[in-house]
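Notes for the one structure printed next.
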Amino acid sequence: MQNIKKVAVIGTGVIGAGWIIRCLAHNKIVYAFDKDINLKKKLLSEIKRTWPFVKKLFNKKKLNLKNFHFFTSIEQTLKDADFIQECATENYSLKTKLISTIGKYAKSNSIIASSSSGLLPTRIYSKCKNPERGIIGHPFNPVYLLPAVEIVPGERTSKKNLNLAKKFYKSILMNPIMVKNELPGYLSDRLQEALWREGLHIINEGYATTEELDRAIEDGPGLRWSLMGTFLTFHLAGGKTGMKHMLKQFGPALKLPWTKLKAPKLSKKLSSRLILGTARQAKGKSVAMISNIRDQYLVDIQKLRKKYEKKLR
Ligand SMILES: NC(=O)c1ccc[n+]([C@@H]2O[C@H](COP(=O)([O-])OP(=O)(O)OC[C@H]3O[C@@H](n4cnc5c(N)ncnc54)[C@H](O)[C@@H]3O)[C@@H](O)[C@H]2O)c1
9 MQNIKKVAVI GTGVIGAGWI IRCLAHNKIV YAFDKDINLK KKLLSEIKRT
59 WPFVKKLFNK KKLNLKNFHF FTSIEQTLKD ADFIQECATE NYSLKTKLIS
109 TIGKYAKSNS IIASSSSGLL PTRIYSKCKN PERGIIGHPF NPVYLLPAVE
159 IVPGERTSKK NLNLAKKFYK SILMNPIMVK NELPGYLSDR LQEALWREGL
209 HIINEGYATT EELDRAIEDG PGLRWSLMGT FLTFHLAGGK TGMKHMLKQF
259 GPALKLPWTK LKAPKLSKKL SSRLILGTAR QAKGKSVAMI SNIRDQYLVD
309 IQKLRKKYEK KLR
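Residues in the sequence shown are numbered consecutively from 9, following the numbering used here.
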């Protein structure tokens with residue numbers, strides 16, 4: 009398979025829609041399917057909402073909607089596709105069953121990628137025909153703007169297909185992260201989950217509100233994280249001798265109770281603190297209104313980041 013051009017997206021919720029928009033922006037032919045066959049109208053309005061941001065980030069002129077096909081049959085959706093991005097609900101038995109159906113109808117040399125956030129590929133491809141073509145291609149929301157995608161192999165995935173997937177994601181201007189072996193939660197979500205769980209403990213025990221904890225990230229580590237990750241950041245925190253001094257100074261803190269990691273029980277009280285807390289933070293703005301602000305920010309910050317990345321990498 010040379011350049012992959014025809015992409016099927018199965019499941020067109022938040023993430024499926026994101027893949028569709030990104031693929032259309034990079035001139036792929038997109039076949040879409042969802043078990044909810046009424047989603048086409050919603051998808052078209054999401055494409056319309058996001059296009060101004062996508063256009064600006066990738067310096068595109070025109071959106072070619074002729075390349076977008078929404079089908080009501082999964083068989084028809086998969087028939088011609090070279091690359092299939094599965095984006096259905098996160099659940100082992102649902103995905104295993106759906107992927108087995110995809111394997112049955114897809115071309116035998118097509119690549120099947122699951123958007124799963126943390127499920128093990130060996131398990132979800134266990135009933136799939138030709139499992140050597142099965143990978144995880146885990147993106148980040150909003151997929152149409154963020155470049156990261158984690159490629160995770162299952163026990164039976166072939167090297168050749170991993171490389172083809174990498175090439176495909178690069179063709180839609182993503183930066184694939186090749187995960188060596190499967191592990192629950194992969195890389196990024198394990199890091200995010202650690203932060204999330206710690207935050208839940210802090211809120212559960214009443215030390216801070218959702219807004220205060222968000223500010224603790226937004227105004228500090230978050231500003232640095234959009235340019236460099238935890239390890240390089242901590243290297244700088246060590247002064248002239250970098251990580252060496254950092255470990256000497258902060259190494260002993262690893263023995264202090266600075267983190268709990270195991271999640272607290274999601275009680276009614278904790279859930280309502282989270283729901284009311286974030287509703288207060290939204291200040292009456294809808295999710296779509298906040299998404300527009302976030303999308304504009306992500307376009308601007310990525311344009312700015314390019315300038316500084318060149319100096320760093
Ligand atoms: N939301 C995120 O931030 C995020 C980020 C990265 C990865 N993911 C992963 O992407 C996947 C989709 O998540 P989402 O947030 O888009 O969920 P979502 O609930 O917005 O969308 C899921 C869609 O899948 C459809 N669906 C369910 N079963 C189906 C089936 N058998 N056949 C066809 N369509 C089916 C549903 O109708 C729905 O439209 C999950 O695996 C999730 O873990 C989510």
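We put the CB at the ideal spot given by N, CA and C, even for glycine.
**Item:** Residue environment, A287, which counts as buried when at least 16 other CB atoms sit within 10 Å
**Value:** So A287 counts as exposed.
**Asked** Say the cut is 7 Å; is the CB of T97 nearer than that to a heavy atom of ligand 1?
**Response** Correct: T97 has its Cβ closer than 7 Å to ligand 1.
**Cut-off 7 Å between Cβ atoms - residues of its own chain near L128, not counting five sequence neighbours on either side** = So the qualifying residues of the chain are E190, P192.
**Prompt:** Does the segment 41-60 touch the segment 13-23, meaning 3 or more C-beta pairs lie closer than 8 Å?
**Reply:** The segment 13-23 vs the segment 41-60: in contact.
**Asked** Quick one: does Y133 have its CB under 8 Å from some CB of chain D?
**Response** Here chain D cannot be found, since the structure has a single protein chain.
**Message:** I'd like to check one pair, A89 with A16: are the Cβ atoms closer than 8 Å?
**Reply:** Yes, they are a contact pair.
**Request:** Using three-state DSSP, classify Y305 as helix, strand or coil.
**Result:** Residue state, collapsed to three classes: helix.
**Prompt:** Can you tell which of F239, T249, R281 has its C-alpha closest to the C-alpha of R221?
**Reply:** Per the sequence shown, the amino acid found at residue 221 is Leu instead of Arg. Of the residues F239, T249, R281, the one whose Cα lies closest to the Cα of L221 is R281.
**Asked** Is there contact here, the segment 207-214 with the segment 258-277, by at least three beta-carbon pairs under 8 Å?
**Response** Taking 8 Å as the limit for Cβ pairs, the verdict is that the segment 258-277 does touch the segment 207-214.
**Identity of the residues DSSP links to F148 by a beta bridge** = BP columns for F148 are empty, so no partner.
**Item:** Between the CA atoms of K256 and K263 - distance to the nearest angstrom
**Value:** Answer to the nearest angstrom: the Cα atoms are 13 Å apart.
**Asked** Hey, is G145 close to ligand 1, as in C-beta under 7 Å from one of its heavy atoms?
**Response** Answer for G145: no, Cβ out of range of ligand 1.
**Prompt:** Just how far apart, CA to CA, sit S166 and V307?
**Reply:** Between the alpha carbons of S166 and V307 lies a distance of about 35 Å.
**Asked** Just to check, is the beta-carbon of K43 closer than 7 Å to a non-hydrogen atom of ligand 1?
**Response** Distances between the C-beta of K43 and the heavy atoms of ligand 1 include at least one below 7 Å.
**Asked** Under 8 Å between the Cβ atoms of N138 and S116?
**Response** With contacts defined by Cβ atoms closer than 8 Å, N138 and S116 form a contacting pair.
**Asked** Would you report the Cα separation of L71 and P184, rounded to the nearest angstrom?
**Response** Each residue's alpha carbon lies about 25 Å from the other.
**Prompt:** Would you say S108 touches ligand 1, meaning its beta carbon is less than 7 Å from a heavy atom?
**Reply:** Distances taken from the Cβ of S108 to the heavy atoms of ligand 1 include none shorter than 7 Å.
**Item:** For I55, the residue or residues it bridges with in DSSP
**Value:** None; I55 has no bridge partner.
**Inter-residue Cα distance where the pair is K314 and K276** = Within the model, the alpha-carbon separation for K314 versus K276 is close to 44 Å.
**Message:** Using C-beta distances below 7 Å, list every residue in its chain close to S125, excluding the 5 sequence neighbours before and after it, in chain order.
**Reply:** Hits under 7 Å: E98, H146, D197.
**Request:** Rounded to whole angstroms, what's the CA-CA distance from R131 to R205? Just pull it up for me.
**Result:** A straight line joining the alpha-carbon of R131 with that of R205 spans about 26 Å.
**Request:** Could you tell me the distance, in whole angstroms, from the CA atom of A245 to the CA atom of K252?
**Result:** Between A245 and K252, the C-alpha separation is close to 10 Å.
**Where N183 falls: helix, strand or coil (DSSP)** = N183: strand per DSSP, three-state reduction.
**Asked** When the Cα atoms are used, what is the spatial distance from L278 to Y215?
**Response** In a straight line, the C-alpha of L278 is about 13 Å away from that of Y215.
**Beta-carbon proximity check, K69 vs I180, cutoff 8 Å** = Result no, Cβ atoms of K69 and I180 do not sit closer than 8 Å.
**Message:** Can you tell me whether S122 is helix, strand or coil according to DSSP?
**Reply:** DSSP places S122 in strand when its eight states are reduced to three.
**Request:** Could you spell out where the alpha helix (DSSP H) holding P192 opens and where it closes?
**Result:** Note, P192: premise wrong, no alpha helix (DSSP H); not H, not E.
**Message:** Please list the terminal residues of the continuous beta strand (DSSP E) segment that includes F76.
**Reply:** Here the beta strand (DSSP E) through F76 covers 76-78.
**Prompt:** Count the other CB atoms within 10 Å of the CB of R30; is the residue buried (16 or more) or exposed (fewer)?
**Reply:** By the neighbour-count criterion, in which 16 or more other beta carbons inside 10 Å mark a residue as buried, R30 falls on the buried side.
**Asked** Does DSSP put K273 in a helix, in a strand, or in coil?
**Response** In the structure shown, K273 sits in coil (DSSP, three-state: anything other than H, G, I, E or B).
**Asked** Exposed or buried, which one is G292 when buried takes at least 16 other CB atoms within 10 Å?
**Response** When all chains shown are included, G292 counts as exposed.
**Message:** Please return the same chain residues whose Cβ sits closer than 6 Å to the Cβ of K103, not counting the five positions on each side in sequence.
**Reply:** The residues I132, in chain order, have a CB closer than 6 Å to that of K103 in the same chain once the five nearest residues on each side in sequence are set aside.
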